[in-house]
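Asks: A single structure is presented below for examination.
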Amino acid sequence: MISVNNISLYFGGQTLFNDISFMVNKGDKIGLVGKNGAGKSTLLKTLSGEQSINGGNINSPNGTKLGYLKQDLDFVDGKTILEEAQSAFGEVNDLEQKLEDCNKQFNERTDYESNSYLELINEFNEAEERFRLLGGHDIHSEINQVLSGLGFSQYDFTRQSSEFSGGWRMRIELAKILLQKPDVLLLDEPTNHLDIESIVWLERWLKKYSGAIILVSHDRLFLDSVTNRTIEIAFGAINDYKASYTKYLILREDRIEKQIQAKKNQDKYIKETKELINKFRAKKNKASFAQSLIKKLDKLVIIEVEQEDIGRMNFRFPPAPHSGKISLSLKNIGKDYDDLTVLEKVDLEVIKGDKLAFVGKNGEGKSTLAKIIVNELEYTGDIELGHQIKVGYYAQNQAEFLDETKTVLETIYDAADEKTSPKVRSILGSFLFSNDTVEKKVGVLSGGERARVALCKLLLEPVNLLVMDEPTNHLDITSKELLKRALLDYDGSLVVVSHDREFLQGLTEKVYEFKERNIKEYLGDINDFLKEKDLENFKELETSQAKQKQKESKGDSDHKISYKKKKDSEKREKKLNNKIRKFEKEIDSLEKEIKEIDSELAIPERFKELSENPDFFANYEQRQLKLKETEQFWEKANLELDALK
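Structure follows, in structure tokens:
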């Protein structure tokens, strides 16, 4: 589907890609991996045609359709969520409008025997056939499935897209790309703005997707679930593994071990051969033998050990300043957005040194409470910071607040004070910014590099209460692990909002679940929380609220689903199945009738005969309306059945 042939790309004096080649075939689900700044997002831009290359070429068959989800998008206002989703079906929408125009003319015109009228009928038949081939009658069902899967409610469908946050608008763009069903999907960190429920739905959708996928993600579990191939970018080259992420790590380690062993054997052979050459080159009767050994060495292909990309962040948070025993006290906190109540009567106390995790579905108020704590939102209730508490805040979109016109060095110098100014270059070095890289403009940095700059700013001033909202967004897997290590060593109080189970494991001592406008405390880390909730993994936290009380004593019949309730459910399911079958028969019958009439209308003699009946076209249109209405009933019944199951 896509052939990448010896492409090279340079930014200034930096080589990003050096003569790399690979093929993307139908059914390939590729995970792009590598450290921040290695070129993962740039490679996606290159494949999409947004980024030009310095050498090589990229080829794909004519008509190959690409869908590209970028990390940073420019949103356009003025449409509802439903209208945005419908815009993904450009040709279908045009055909639907054409069919409506034709029907309007059928009702208004009376020149049934004219050539233009016959041409109109042909246009109508061709448009309707194309409309059916493109699945025009199914788009409303598809839109409902995708938007619901990505977390939008039926109420949201009619709301203006401008009413939603940037994260939710990213979901709209993702929905539009999925609905287009391109031949190749290019997805750059698609899970950054999704909650677990939506991530699980997207995983399932991508598994069933028949086209090719090239995916950049820092979510190890997501990569393992979706991909069947891993391409590693390191030092301007690529290494291609026919395996998902975890298997790739094993294969890569095995490959490097074999390279090291082969290199040792070759070095030993070269050393011994050189000793023989030195021994015999001065002897006349052995000189020709020495020359043959020299020629052998010249022809020898030197084994190079694949370099480990050892560039790693190496930083620690400054020691927390001395403070009182209580870091933070929240009493009766509430937050409304117009008619929507997000938080109500929330109480929370953070003791010095506490490390807390906020978990739960998107929209339940986790980020809202984080913003309230740092005084970024108005609220009701009382907040009291402890004695000498200094708060540090890392927002979910922290990197967006950076000035793109400044260099990395200027950004950090501007944020530093007299005490930290002398340490700026040292701090930047710990975040992998050194030499020429500190002079790069923020505007040309990758999403992960921007995240590192934003994290770097946190180290400029010691704080004793750190509030972090989704800090792992845009960080590569290794950087995420190093951030976790730094937070484990941090001796202040920590409040972290995250959906990342691996990141939260062992990091916090208390977990607060956000649900139904309030919070519930669980002692221990995320694993203890999951055990108490009787969930096998973090995904189930948001995909099934019903399972929270499922495991009870077998002898406790009060907690079992009653026999009557089960029978009622089975009866309702059977009724819906019968209704769906009835609608399907009716749809088939109407489609056959309309097709037969269309065939007759294509015959001039038959057309003339039918058009003499004054009620003919009204009845014809009535059949089409009946078909559309029945399809809507069928769709509604299917949705009810899915909800029941």
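To convert, take the position in the sequence shown, counting from 1, and add 1; that gives the numbering used here.
Where is the CB? At the ideal position from N, CA and C, for every residue including glycine.
1) Whole angstroms is fine: what's the gap from Ser600's alpha carbon to Arg607's?
2) Can you grab the Cα-Cα spacing for the pair Lys605 / Lys637, in whole Å?
3) What span of residues does the alpha helix (DSSP H) with Val93 cover, start to end?
4) Quick check: the Cα distance between Asn126 and Trp635, rounded to an integer number of angstroms?
5) Could you give the distance in angstroms between the alpha-carbon of Glu630 and the alpha-carbon of Ile588?
6) Among Lys575, Glu401, Arg426, Glu419, which one has its Cα closest to the Cα of Ile411?
7) What residue range does the beta strand (DSSP E) around Arg230 cover?
8) Three or more C-beta pairs under 8 angstroms: does that hold for the region 208 to 226 against the region 83 to 97?
9) Per DSSP, what kind of secondary structure is Glu522 in: helix, strand or coil?
10) In its own chain, which residues sit with a C-beta less than 7 angstroms from the C-beta of Arg282, not counting the 5 before and 5 after it?
11) Would you report the Cα separation of Met2 and Ser49, rounded to the nearest angstrom?
12) Taking buried to mean at least 16 other C-beta atoms within 10 Å of its own C-beta, is His388 buried or exposed?
13) Report the residue from Ile31, Gly28, Leu33, Asn58 whose alpha carbon sits nearest the alpha carbon of Leu10.
14) Judging by CA-CA distance, which residue of Ser199, Phe18, Tyr338, Glu233 is the nearest neighbour of Arg172?
15) Per DSSP, which residues does Leu341 bridge with? Please list them.
16) Which parts of the region 455 to 506 are runs of the alpha helix (DSSP H), unbroken and 4 residues or longer, counting only runs that do not cross its ends?
17) Which residues in the same chain have their Cβ closer than 6 angstroms to the Cβ of Phe618, if we skip the five residues on either side of it in sequence?
18) Beta-carbon within less than 6 angstroms of Glu350's beta-carbon, same chain only, minus the 5 sequence neighbours each way: which residues are those?
19) Using a threshold of 8 angstroms, state whether the C-beta atoms of Phe359 and Val498 are closer than that.
20) Given 8 angstroms as the limit, is there contact between the region 240 to 253 and the region 88 to 105, that is, 3 or more CB pairs closer than that?
21) Going by alpha carbons, who is nearest to Asp75 out of Gly168, Tyr118, Glu120?
22) Which first and last residues belong to the alpha helix (DSSP H) in which Gly430 is found?
23) Which whole-angstrom value describes the C-beta separation of Val443 and Leu488, a residue pair presumed to lie in contact below a C-beta threshold of 8 angstroms?
24) Between Gly38, Ile478, Glu462, Glu574, which has its C-alpha nearest Pro319's C-alpha?
25) If you scan the region 117 to 151 from start to end, which runs of the alpha helix (DSSP H) of 4 or more residues do you find wholly inside it?
26) Determine, using beta-carbon pairs with one atom in the region 146 to 159 and one in the region 24 to 32, whether at least three such pairs fall under 8 angstroms.
27) What are the complete alpha helix (DSSP H) segments, minimum 4 residues, inside the region 203 to 279?
28) Just curious, the beta strand (DSSP E) that Gln15 is in, first and last residue?
29) Express the C-alpha separation of Asp139 and Ala455 in angstroms, rounding to a whole number.
30) Can you tell me whether Tyr380 is helix, strand or coil according to DSSP?
31) What three-state label does DSSP hand Leu1 in the structure shown?
32) Give the range of the alpha helix (DSSP H) segment to which Glu514 is assigned.
33) Taking the alpha-carbon positions, what's the Phe12 to Ile232 distance?
34) Can you name, in chain order, every residue of its own chain whose Cβ lies under 7 angstroms from the Cβ of Lys516, other than the five neighbours on each side?
35) Closest to Leu67 by CA distance: which of Lys259, Asp196, Leu188 is it?
36) Mark Ser226 as exposed unless 16 or more other C-beta atoms lie within 10 angstroms of its C-beta, in which case mark it buried.
Replies: The relevant details are as follows:
1) Position 599 of the sequence shown, counting from 1, holds the residue named residue 600. Position 606 of the sequence shown, counting from 1, holds the residue named residue 607. Taking the straight line joining both Cα atoms gives about 10 angstroms.
2) As a position in the sequence shown, residue 605 is number 604, starting the count at 1. As a position in the sequence shown, residue 637 is number 636, starting the count at 1. Strictly speaking, residue 605 in this sequence is Pro, with Lys absent from that position. Roughly 40 angstroms separates the two Cα atoms.
3) Here residue 93 corresponds to residue number 92 of the sequence shown, with the count starting at 1. Element bounds for Val93: 91 to 109.
4) Taking the first residue of the sequence shown as position 1, residue 126 is located at position 125. Taking the first residue of the sequence shown as position 1, residue 635 is located at position 634. Roughly 25 angstroms between the two C-alpha positions.
5) For the purposes of this step, residue 630 is identified with residue 629 of the sequence shown, where counting begins at 1. For the purposes of this step, residue 588 is identified with residue 587 of the sequence shown, where counting begins at 1. Cα to Cα, Glu630 sits roughly 10 angstroms from Ile588.
6) In the sequence shown, the residue the question calls residue 411 occupies position 410. For clarity, residue 411 is Glu in the given sequence; the question names Ile instead. Nearest option by C-alpha distance: Arg426.
7) Locating residue 230 in the sequence shown gives position 229, where the first residue counts as 1. Here the beta strand (DSSP E) through Arg230 covers 230 to 235.
8) no
9) Along the sequence shown, read from residue 1 onward, the residue named residue 522 stands at position 521. The answer is strand: DSSP assigns Glu522 an E or B state.
10) Position 281 of the sequence shown, counting from 1, holds the residue named residue 282. For Arg282, where only same-chain residues beyond five positions count, the Cβ hits under 7 angstroms are Ala288, Ala291.
11) Start at 1 with the first residue of the sequence shown, and residue 2 comes out as number 1. Start at 1 with the first residue of the sequence shown, and residue 49 comes out as number 48. Distance between the alpha carbons of Met2 and Ser49: 13 angstroms.
12) Walking along the sequence shown from the start, residue 388 turns up at place 387. The residue in question, His388, is exposed, as its Cβ has fewer than 16 Cβ neighbours within 10 Å.
13) Start at 1 with the first residue of the sequence shown, and residue 10 comes out as number 9. The shortest C-alpha separation from Leu10 is found at Asn58.
14) As a working mapping, residue 172 is identified with position 171 in the sequence shown. Considering only alpha carbons, the answer is Ser199.
15) By one-based count along the sequence shown, residue 341 stands at place 340. Partner(s): Tyr338.
16) 478 to 490, 502 to 505
17) To locate residue 618, count along the sequence shown from 1; it is residue 617. Only Phe107 meet the Cβ criterion.
18) Here the question's residue 350 lines up with position 349 in the sequence shown. Excluding residues within five positions, the ones whose Cβ falls inside 6 angstroms are Ser330.
19) In the sequence shown, residue 359 corresponds to position 358, counting from 1. In the sequence shown, residue 498 corresponds to position 497, counting from 1. Yes, Cβ-Cβ distance for Phe359 and Val498 is below 8 angstroms.
20) no
21) Translated into the one-based positions of the sequence shown, residue 75 becomes position 74. When only C-alpha atoms are compared, the closest one is Gly168.
22) Here residue 430 refers to the residue found at position 429 when the sequence shown is read from its first residue. Run containing Gly430: 425 to 431, per the alpha helix (DSSP H) assignment.
23) As a first step, residue 443 must be located in the sequence shown, where it is residue number 442. As a first step, residue 488 must be located in the sequence shown, where it is residue number 487. About 24 angstroms; that fails the 8 angstroms criterion.
24) Stepping through the sequence shown from its first residue, residue 319 is reached at position 318. Here the closest residue by C-alpha is Glu462.
25) 140 to 150
26) no
27) 221 to 227
28) On the sequence shown, residue 15 is found 14 positions in, with the first residue counted as 1. First-last of the beta strand (DSSP E) with Gln15: 15 to 25.
29) Counting from 1 along the sequence shown, the entry for residue 455 is found at position 454. Counting from 1 along the sequence shown, the entry for residue 139 is found at position 138. Roughly 45 angstroms between the two C-alpha positions.
30) Position 379 of the sequence shown, counting from 1, holds the residue named residue 380. Tyr380: coil per DSSP, three-state reduction.
31) This structure leaves residue 1 out entirely; the chain is present only between 2 and 646.
32) Numbered from 1 along the sequence shown, position 513 holds the residue referred to as residue 514. Careful: Glu514 lies outside any alpha helix (DSSP H), inside the beta strand (DSSP E) at 511 to 516.
33) By one-based count along the sequence shown, residue 12 stands at place 11. By one-based count along the sequence shown, residue 232 stands at place 231. Spanning the two alpha carbons is a distance of roughly 21 angstroms.
34) For the purposes of this step, residue 516 is taken as the residue at position 515 of the sequence shown. Correct list, in chain order: Gly361, Glu365.
35) Taking the sequence shown and counting its residues from 1, one reaches residue 67 at position 66. Of the candidates Lys259, Asp196, Leu188, the one whose C-alpha sits nearest the C-alpha of Leu67 is Leu188.
36) Sequence index remark: in the sequence shown, residue 226 carries index 225 (1-based). Per the 10 Å Cβ criterion, buried.
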